[in-house]
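**Q**
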Amino acid sequence: MPATAQSANAPSAQGLRQLVLELPPETSFLPAAAAAAENAAQAFGLDQRGALRLSLAVEEFFAYLCRHGGHDEPIRLTLSDGGTFTRADFRFLAGEVSLRALNFAASVDLESDSGDDAELGLLVAARTTDRCSLSRSGPDVFHLYAEVDRAYSEAEGIATPQRLTPPLRLEPAPSSGALQHAALLAAGRYPARLRPHSFTRPERFADMVDSHQYQALLALDAADHPAGLICWRASGRRAVVFSGPYVFSQGASQNVSDNLGADIAKLLTEGFLARVARTETLCAFSERPTADLPRGWFEALGSLTLHGPDPDGDGKTGVEQPAFYRHLREDAGAAVWAHAELVPFLEREYDRLAFSRDFLSAKPADPARLPAHSLLATNLDRQRSMALLRPLLDGRDFEANLRAHVEAIREQGAEEQGGVDILLHLDLSEPWQGALAPILTACGFAPRLVLPNAGASDILVCQHVPGNS
Amino acid sequence: MSPAIAELVPEYIRAFEAYTPSRPDPVLMRQYGVDHLHRLNNNENALGPPPAARKVIEAFQCDRSAIYPSGDCYALRLALAERFGKDPERFLVGNGSCEVIASVIKAFCEKGDNIITADKTFAVYEWVAEFSGFEARLIPLKDWGFDPDAMLAAMDSRTKILFVCNPNNPTGTWWDRDTMERFLRGVAGRALVVIDEAYCEYVEDDRFPDAMELMERHPNVVAFRTFSKMYALAGLRVGYVCGQREAIDYIRRTHIVYSVNSMGQPAAAAALSDDAEHILATRRMVADAKALLLPAFDELGLHYVSNEGNFIMVETPASDSLIYRQLMRRGIMVRTMTGFRFPNWIRVSLVQEPVMRDFLTAFRDVIAVVAGGAS
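Protein chains in written order, with numbering that gives the first Met the number 0: chain A, 0 to 468; chain B, 0 to 374.
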């Protein structure tokens, strides 16, 4: 089977560069995959160290897929320039590969006499990257991603008060310099948990906007001074999550009555919604909502109790972070799969939010019909000390696997103040996920929020409550 | 591994969101647990078609369903020609005006071209341009209306069409004759100007310009009109474009024939023959509805935009999609305006008094419910 490569100059969906290789699943092509990753990473702007980290991850992932995958299909490796990072994406068919080792918490039996150290290699590879995750794009199609970030220097936020003069206007396409200035003004006025980490690496934030990872709107005053900022990013195909609005008038973020601040926040919020209104986006969720979010523009979904680190040094733990939502369409109704145990919570939430939903009864599958091993995807945000679990495949070991994940995440976060907050997203369009409720309860998870239309139908957010299991 | 389907699709299609129409009434009523549904979302004329059109529809012979309709709406074009005193070849009829929007864009635009319209207007101009791979330059409204100077300033050598919705849906604002003339002089024949007059029959002010007359002095003007609004034939889907013969000849080359059904064609022609009393009655209904709603909105302290057309926009103290869902639970369907880039506004069709009273009762109730509940 020949190896093929496509032009590195062809723009990807975001207009960025990418290199696509179809490699025979043979270890003799391992140096080719690793060399392509290293070279592409350097061409995409990573330094030598970053390029080597990505190359190592690609080498380990490729070796794993060669050893455990089928040999009928080539492995597709896409190396892409994410603007602020380089991504290696392996696309493969699930049926060909033992997926167990792709679980974040898969145990590695070092005493095994199989002589196969591929699983250990995967764990090593995952930890050399900045992000590593697994997703499913079809019934049998999985993607394994590894990303390594470019290095950016850090800067102090700007807390200096500034006097702003109306009239205000929106700048829909702010320059890199204006974005960096605004990010630092927000960093100087808002606590870390309410702003993207990149605000203190302002060049990175501007590059993220430039490469469409974020979109941003800037409010300017009469003298073109930055007056406020709001930014958002895609979350799945149909939703966006926003951070802000950040208001740079004097009373903002200090609970001081501030009419100009309210005008800035309204202008930004209205502009943000107008920008996403005629796109494929169905709904907007808050990611880091500030107190400046105008009243009446979003629906309160509830809150999560976050115990993570205390980056602001104010000694607060167990902060209630509200979640806000806005549907950008007229709701067409939906059906959700739910175990009887979930129904009272869901009925209460849907009634409160006035959503029309049909409940379909989700019952656990006969264990005899399930594969031995389940699969969970884990996204660990080390800066926020937050882990997000998403069930990808059911299996007879689901409960044990989930407990192992919780344990592994808690061990990872043991050194963090407050520990790691563990969330789990249940896709209620999947009957087997709707049926997981008793297992989640047994493992210490409690339902907290419904995210309407966040997936094929709705997503239920469950939070692990330490001591519950 | 074979490529994903998405890799075969142009980026401008991948990025485009397909329109999702509302579900049928019985489905919605079951979903929202109501035994009735007043549709106030599509600006339909609740009086129904004029009597002559109604007779045609009632007399429609079932056997005619087996026969193709007139492929080019021959008789209807003759009726339009007689009504407006023009050559029948200057009319092109489509399956609603949405079809003729697509035909005009296909006829005039090629790769690299752009169209110009407003950011907060009927969305189909923008949608058709974008899913055809052309740039839609969207000019912000000024004082709720189209901004002629900004539209002219946005023109360049690749601008092929300017769409002016007059009166504008959803704000009901309109350009008077002087403004339109000044604008057309500014365009100076460099691009086609589409004047969409879907709601023109609702306007009584004699300063309102008539695109049918303008096109005689400005050959780059074409007019869109529809039988879906004033004539209450929305379910039969009949709209048309009229312009100079040369322009229509080019548009016809991209237009699908046989797209207008056998009942719609004679019903539309009949509606033209019998519209005077119908138009007066509809205007009275709209005026009565405004007289009921506007003081109520004032009393609730809500901003509204009420100009020409059988609709009104009102600003809500909560997300328009939440207001929609709450009203649906009370058997009332309105149009959310976030999709028109007016977040936190709804648009309400103006219909007969009993339904308007039902709407007001439900709306007051919903406003009270959401007053303390949203963020």
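No residue lacks a Cβ here, since even glycine has one placed at the ideal position from N, Cα and C.
None of these values were measured; they are calculated from a predicted model.
For Thr278 (chain A), which residues in chain C fall below 7 Å Cβ to Cβ?
**A** Structure shown: chain C not included; protein chains present are A and B.
**Q** Could you tell me which of B:Pro68, B:Leu27, B:Ala288 and B:Leu292 sits nearest to Ile255 (chain B), measuring between CA atoms?
**A** Nearest option by C-alpha distance: B:Pro68.
**Q** With 16 other CB atoms within 10 Å as the buried threshold, where does Gly111 (chain B) fall?
**A** Its Cβ having fewer than 16 others within 10 Å, Gly111 (chain B) is exposed.
**Q** If I measure Cβ to Cβ from Arg334 (chain B) and keep anything under 6 Å in the same chain, skipping five residues before and after, which residues do I get?
**A** Asn40 and Arg346.
**Q** For Ile12 (chain B), which residues in the same chain have their Cβ closer than 7 Å to its Cβ, ignoring the five residues on either side in sequence?
**A** Excluding sequence neighbours, Ile12 (chain B) sits near Phe130.
**Q** Beta carbon of Leu359 (chain A), beta carbon of Ala322 (chain A): below 7 Å?
**A** Cβ distance not < 7 Å, so Leu359 (chain A) and Ala322 (chain A) don't count as in contact.
**Q** Would Leu272 (chain A) count as contacting chain B if we go by Cβ distances under 7 Å?
**A** Closer than 7 Å: yes.
**Q** Step through the CB atoms of chain B and report whether any lies within less than 7 Å of the CB of His67 (chain A).
**A** It does not; no Cβ of chain B falls within 7 Å.
**Q** Using a C-beta to C-beta distance shorter than 9 Å, which residues of chain B count as neighbours of Phe141 (chain A)?
**A** Chain B residues near Phe141 (chain A): none, gap ~12 Å exceeds 9 Å.
**Q** Using a Cβ cut-off of 7 Å (strictly closer), state whether Ser456 (chain A) contacts chain B.
**A** Output row for Ser456 (chain A): interface = no.
**Q** Which residues does DSSP pair with Met207 (chain A) in a beta bridge?
**A** According to DSSP, which records beta bridges pairwise, Met207 (chain A) is partnered with nothing at all.
**Q** Does any residue of chain A bring its CB to less than 7 Å from the CB of Thr335 (chain B)?
**A** By this cut-off, Thr335 (chain B) is an interface position.
**Q** Quick check on Ile66 (chain B): buried or exposed, where buried means 16 or more other Cβ atoms within 10 Å of its Cβ?
**A** With fewer than 16 other Cβ atoms within 10 Å, it is exposed.
**Q** Quick check on the burial criterion: 16 or more other C-beta atoms within 10 angstroms. Buried or exposed for Asn258 (chain A)?
**A** Exposed.
**Q** Mark Ser252 (chain A) as exposed unless 16 or more other C-beta atoms lie within 10 angstroms of its C-beta, in which case mark it buried.
**A** With a pLDDT of 49 at Ser252 (chain A), under the threshold of 50, the predicted position of this residue should be treated as unreliable, though the coordinate-derived value follows. Per the 10 Å Cβ criterion, buried.
**Q** How many Å lie between Ser113 (chain A) and Tyr63 (chain A) at the Cα?
**A** At Ser113 (chain A), the pLDDT of 42 sits below 50, so the modelled position is not reliable; the number obtained from the coordinates is stated separately. Their Cα atoms are separated by approximately 15 Å.
**Q** Please classify Asp420 (chain A): does DSSP put it in a helix, a strand, or coil?
**A** Asp420 (chain A) falls in the strand class under three-state DSSP.
**Q** DSSP on Gly466 (chain A), reduced to helix/strand/coil?
**A** Residue state, collapsed to three classes: coil.
**Q** Met355 (chain B) lies in the alpha helix (DSSP H); which residues open and close that run?
**A** Glu352 to Val369 is the span of the alpha helix (DSSP H), which, as asked, contains Met355 (chain B).
**Q** Quick one: is Glu170 (chain A) near chain B, going by C-beta distance under 7 Å?
**A** Not closer than 7 Å to any Cβ of chain B, the Cβ of Glu170 (chain A) fails to qualify, so no.
**Q** Ala264 (chain A) to Thr304 (chain A), Cα distance in whole Å?
**A** C-alpha separation (whole angstroms): 26 Å.
**Q** Considering Cα atoms alone, identify which of A:Gln179, A:Arg162 and A:Ser428 is closest to Ser248 (chain A).
**A** Considering only alpha carbons, the answer is A:Arg162.
**Q** Can you give me the start and stop residues for the alpha helix (DSSP H) that Asn258 (chain A) sits inside?
**A** Start and end: Asn258 to Ala276.
**Q** In terms of DSSP beta bridges, what is Cys199 (chain B) paired with?
**A** The partner list for Cys199 (chain B) (beta bridge, DSSP) is empty, contrary to what the question assumes.
**Q** Which of the residues in the region 344-364 of chain A, read from start to end, lie with their CB under 9 Å from any CB of chain B?
**A** The residues in question are Arg351, Leu352, Ala353, Phe354, Ser355, Arg356 and Asp357.
**Q** Relative to the C-alpha of Met284 (chain B), which candidate in B:Pro23, B:Glu109 and B:Leu349 has its C-alpha closest?
**A** Met284 (chain B) has its Cα closest to that of B:Leu349, out of B:Pro23, B:Glu109 and B:Leu349.
**Q** Hey, does Arg328 (chain B) have any beta-carbon neighbour from chain A nearer than 7 Å?
**A** Arg328 (chain B) counts as touching chain A.
**Q** Just checking, does the region 73-93 of chain B make contact with the region 275-295 of chain B on the three C-beta pairs under 8 Å criterion?
**A** Judged by Cβ distances under 8 Å, the region 73-93 of chain B makes no contact with the region 275-295 of chain B, as fewer than three pairs qualify.
**Q** Can you say whether Arg329 (chain B) is buried or exposed, counting buried as having 16 or more other CB atoms within 10 angstroms of its CB?
**A** By the neighbour-count rule (16 or more Cβ atoms within 10 Å), Arg329 (chain B) is buried.
**Q** With three or more C-beta pairs closer than 8 Å as the rule, is the region 292-304 of chain A touching the region 264-278 of chain A?
**A** With a cut-off of 8 Å, the region 292-304 of chain A and the region 264-278 of chain A count as touching, because enough Cβ pairs lie within range.
**Q** Kindly indicate if chain B contains any beta-carbon less than 7 Å away from that of Gly295 (chain A).
**A** So, interface residue.
**Q** Who are the Cβ neighbours of Pro366 (chain A) in its own chain at under 6 Å, not counting the five residues just before and after it?
**A** Correct list, in chain order: Arg395.
**Q** From the DSSP secondary-structure annotation, give me the bridge partner or partners of His326 (chain A).
**A** Answer is A:Cys282.
**Q** So, is Tyr73 (chain B) buried or exposed, given that buried needs 16 or more other C-beta atoms within 10 angstroms?
**A** Exposed, by the Cβ-count rule.
**Q** Just the Cα atoms here: how many angstroms apart are Ala181 (chain A) and Arg194 (chain A)?
**A** The straight-line gap from Cα to Cα measures roughly 12 Å.
**Q** Chain B partners of Ala32 (chain A), CB-CB under 9 Å?
**A** None at all; the shortest Cβ gap to chain B is about 16 Å.
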